[in-house]
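Peer 1: Residue numbers (UniProt numbering): 1 to 134. In this text, a Cβ means the ideal position worked out from N, Cα and C, and glycines have one as well.
#1: Would you mind sorting residue 54 into buried or exposed? The rule is 16 or more other CB atoms within 10 Å of its CB.
#2: Answer with buried or exposed for residue 23, where buried requires no fewer than 16 other C-beta atoms within 10 angstroms of its C-beta.
#3: Would you give the residue range spanned by the alpha helix (DSSP H) that residue 38 belongs to?
#4: If you check the beta carbons only, do residue 47 and residue 40 fall under 8 Å apart?
#5: Counting pairs of Cβ atoms below 8 Å between the stretch 93-110 and the stretch 51-68, do you hit three or more?
#6: If you follow the alpha helix (DSSP H) that residue 52 is part of, which residue opens it and which one closes it?
#7: Tell me which residue opens and which closes the alpha helix (DSSP H) that residue 106 is part of.
#8: Does residue 89 come out as helix, strand or coil in the three-state DSSP assignment?
#9: Take residue 43 and list the residues in its own chain whose beta-carbon comes closer than 7 Å to its own, dropping the five residues that flank it on each side.
#10: Confirm, please, whether the CB-CB distance from residue 80 to residue 26 is below 8 Å.
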């Protein structure tokens, strides 16, 4: 029986985790935009069966391929990684799954807002919170 060094095993587990996260993130954005895998196929030239393998964590796409998928979804490449970072940051807070999902969506949409629109959004949230607490 062949033994796999612990470092290699940990790297394999980490790579699997990343591929699954990237795949589910891609699927989430695709569904949010009401697109099918076929729509992404038409925009990128990537086969639908390949996109399925990526979304299900069976294949890790290259950065070039991720860039094609991001363009097809009208996203910046960095947006694929923002949700994972935010989820890690919020995991230490005492928030429920629904609250984390909501805050992640707010982060996703606010990335496309101007600074003045972000300030306006924050002011509105504060106002709503004050009226709810009163």
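Peer 2: According to the structure shown:
#1: buried
#2: Label assigned to residue 23: buried.
#3: According to the DSSP assignment, residue 38 belongs to the alpha helix (DSSP H) that extends over 37-44.
#4: no
#5: no
#6: 48-55
#7: 97-110
#8: Caution applies to residue 89, whose pLDDT of 49 falls short of 50 and renders its modelled position unreliable; the value that the coordinates give is listed next. Helix at residue 89.
#9: 72
#10: yes
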